[in-house]
Amino acid sequence: MSRLSELQQVASGKRRLKDLLLQSDNRFCADCGAPDPKWASANIGVFICLKCCGVHRSLGTHISKVLSVTLDEWSDDEIDAMIEVGGNLSANSIYEAFLPEGVSKPGPNSSNEERTRFIRSKYELQEFLKPSLRITSGKTSSSSLKSSLSTNLFDSFQIPSVSQNLDGIVEFMGILKVKVIKGTNLAIRDMMSSDPYVIVALGKQTAQTTVMKSNLNPVWNEELMLSVPQDFGPIKLSVFDHDTFSADDIMGEAEIDIQPLITSAMAFGDPEMFGNMQIGKWLKSNDNALVDDSIINIVDGKVKQEISLKLQNVESGELQVELEWMPLDQ
1 MSRLSELQQV ASGKRRLKDL LLQSDNRFCA DCGAPDPKWA SANIGVFICL
51 KCCGVHRSLG THISKVLSVT LDEWSDDEID AMIEVGGNLS ANSIYEAFLP
101 EGVSKPGPNS SNEERTRFIR SKYELQEFLK PSLRITSGKT SSSSLKSSLS
151 TNLFDSFQIP SVSQNLDGIV EFMGILKVKV IKGTNLAIRD MMSSDPYVIV
201 ALGKQTAQTT VMKSNLNPVW NEELMLSVPQ DFGPIKLSVF DHDTFSADDI
251 MGEAEIDIQP LITSAMAFGD PEMFGNMQIG KWLKSNDNAL VDDSIINIVD
301 GKVKQEISLK LQNVESGELQ VELEWMPLDQ
């Protein structure tokens, strides 16, 4: 397929997704009713808001695969699945078919605890499904459920067994937007150059930039999204050289301590209430990979941090990134 054809196909897919989002029932979050949702669960087939997005992520991708409508790349299969379901109205007619008396949906301003309780009951425990569609144990065959729905619709929903161990559910406190801006003077791993890409990791979550062919000073300007759990650790960045016929070579690594960013953000609360200003700093030391002190600012109502890192365990190379903190309670 030619490059032009690929671009046309991507544009067509984004158009189809946007058309679906513009339908009246998809202009509000499927779970809490907040207006203008910018996220979606691609395998369930619903559009959701930022706050509900954090809860969906905590369920795991085996239950809900969360994608940004505007920032993430969607495959044709994922877009087809969303269209096959039909959006929020169709999905809720199944997942909320039997809301018990006394159970009400959360609202846009509901607490994270209320939101979590409802979303887990709705998708993970399947408590509001039609009784004949519920899977009552891990040993139960899904044939009765599959026969009640069309094959495509069933495959799109990918409803899990409720017998799964629920003890490992992780609660998230916010979403971190990691913008990988550029690399400078990266190490040579091929004959004369390298084909670098960056992997960003937080706990078990990973996200990856595109591969830049034959470029030791690549400019990515790519935004990657990570959910931040209550018990968070550092962000780990690894730069690799892409190889077609052998294992990819490491081109350096670095860690980012996100505690200063989150602590500063929480101390100020809603950043939209303040003008542009500095609110914190991560200091360069022998224990970190900072090139210079990293300043934390409120910029246009958003908490951001620009970071320049000297890559570790490699002969040369620096990486420039920008973080943006998005708490679930705002």
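For what it's worth, my numbering labels the leading residue of the sequence shown as 1, then goes sequentially.
Think of the CB as a built atom: it goes at the ideal place given N, C-alpha and C, for glycine as much as any other residue.
What is the rounded straight-line gap between the Cα of Ile235 and the Cα of Leu125? Cα-Cα distance, rounded: 32 Å.
Can the beta-carbon of Gln320 be found closer than 8 Å to that of Lys182? Closer than 8 Å, so yes.
Taking all protein chains shown into account, decide if Ala34 is buried (16 or more other Cβ within 10 angstroms of its Cβ) or exposed. It is buried - the Cβ of Ala34 has at least 16 other Cβ atoms within 10 Å.
How far does the alpha helix (DSSP H) with Ser264 in it reach, from first residue to last? Counting along the chain, the unbroken alpha helix (DSSP H) around Ser264 starts and ends at Gln259 to Phe268.
With a floor of 3 residues, list each beta strand (DSSP E) that falls wholly inside the stretch 173-234, ordered by position along the chain. DSSP assignment within the stretch 173-234 yields the following whole beta strand (DSSP E) runs of 3 residues or more, N-terminal first: 196-202, 205-208 and 219-229.
With a Cβ-Cβ cutoff of 8 Å, do Gln259 and Met173 count as a contact? Not a contact, by the Cβ cut-off of 8 Å.
Taking the alpha helix (DSSP H) that Asp80 falls in, what are its first and last residues? Counting along the chain, the alpha helix (DSSP H) containing Asp80 begins and ends at Asp76 to Val85.
Whole angstroms is fine: what's the gap from Asp122's alpha carbon to Val55's? The question names Asp, yet the displayed sequence has Lys at residue 122. Each residue's Cα considered, the two are about 12 Å apart.
Can you tell me whether Ala254 is buried or exposed, with buried defined as 16 or more other CB within 10 angstroms of its CB? Ala254 comes out buried.
Residue from Asp287, Ile44, Ser214 and Ile295 whose Cα sits closest to the Cα of Ile83: Of Asp287, Ile44, Ser214 and Ile295, the residue nearest in Cα terms is Ile44.
If you check the beta carbons only, do Cys53 and Cys32 fall under 8 Å apart? 8 Å or more divides the Cβ of Cys53 from the Cβ of Cys32.
What did DSSP end up calling Val55 once you bin it into helix, strand or coil? Helix.
As a quick exercise: from Glu223, Leu186 and Phe245, pick the residue whose alpha carbon is nearest that of Asn313. That would be Leu186, whose Cα lies nearest to the Cα of Asn313.
Contacting residues, own chain, Cβ-Cβ under 7 Å from Asn92 (five flanking each side not counted): Taking Asn92 as the centre and dropping the five residues before and after it, the same chain places the C-beta of Ala30 closer than 7 Å to its C-beta, in chain order.
Just tell me which of Lys105, Gln23, Glu96 and Ile119 has its CA closest to the CA of Ile63. Checked all of Lys105, Gln23, Glu96 and Ile119; the closest Cα to Ile63 is Ile119.
Would DSSP call Pro100 helix, strand or coil? Note: Pro100 maps to coil in three-state DSSP.
Limits of the unbroken beta strand (DSSP E) element including Leu328: No beta strand (DSSP E) holds Leu328; DSSP gives it neither H nor E.
If you count every other CB in all the chains shown that lies within 10 Å of the CB of Ser137, and 16 or more means buried, which is it? Caution applies to Ser137, whose pLDDT of 37 falls short of 50 and renders its modelled position unreliable; the model cannot decide the point.
Excluding the 5 residues preceding and the 5 following Lys65 in the sequence, name in chain order all residues of the same chain whose CB lies nearer than 6 Å to its CB. Excluding positions up to five away in sequence, the list reads Ala42 and Asn43.
What residues in its chain sit with their C-beta under 7 Å from that of Asp195, if we drop five residues either side in the sequence? Excluding sequence positions up to five before and after Asp195, its CB lies within less than 7 Å of the CB of Val211, Met212, Lys213, Ser214, Asp241 and His242, all in the same chain and listed in chain order.
DSSP puts Lys236 in a beta bridge; with which residues? Looking at the DSSP assignment, Lys236 forms a beta bridge with Ala201 and Glu255.
Are the CB atoms of Arg27 and Ile79 nearer to each other than 8 Å? Going by C-beta atoms, Arg27 is not nearer than 8 Å to Ile79.
N- and C-terminal bounds of the beta strand (DSSP E) containing Ile307: Its beta strand (DSSP E) spans residues Lys302 to Lys310.
Any idea if Pro271 is buried or exposed, counting beta-carbon neighbours within 10 angstroms, 16 or more meaning buried? Counting the other CB atoms within 10 Å of its CB gives Pro271 a total of 16 or more, which places it among the buried residues.
Are there any heavy atoms of the ligand NAD lying less than 7 Å away from the beta-carbon of Asp293, as far as the coordinates show? Absence of the ligand NAD from the depicted structure is noted, as is the absence of any ligand whatsoever, leaving it without description.
Going by C-alpha to C-alpha distance, which of Glu114, Ile188 and Leu129 sits closest to Glu315? The candidate whose alpha carbon is nearest that of Glu315 is Ile188.
Leaving aside the five residues before and after Ile307 along the sequence, list all residues of the same chain whose C-beta is less than 8 Å from its C-beta, in chain order. Taken in chain order, the residues that qualify are Ile256, Trp282, Leu290, Ser294, Gln320, Val321, Glu322 and Leu323.
What does Leu290 pair with, by DSSP beta-bridge criteria? Per DSSP, Leu309.
In the structure shown, what three-state DSSP assignment does Leu50 receive? In this structure, Leu50 counts as helix in the three-state DSSP scheme.
Note the first and the last residue of the continuous beta strand (DSSP E) segment covering Ser68. Here the beta strand (DSSP E) through Ser68 covers Val66 to Ser68.
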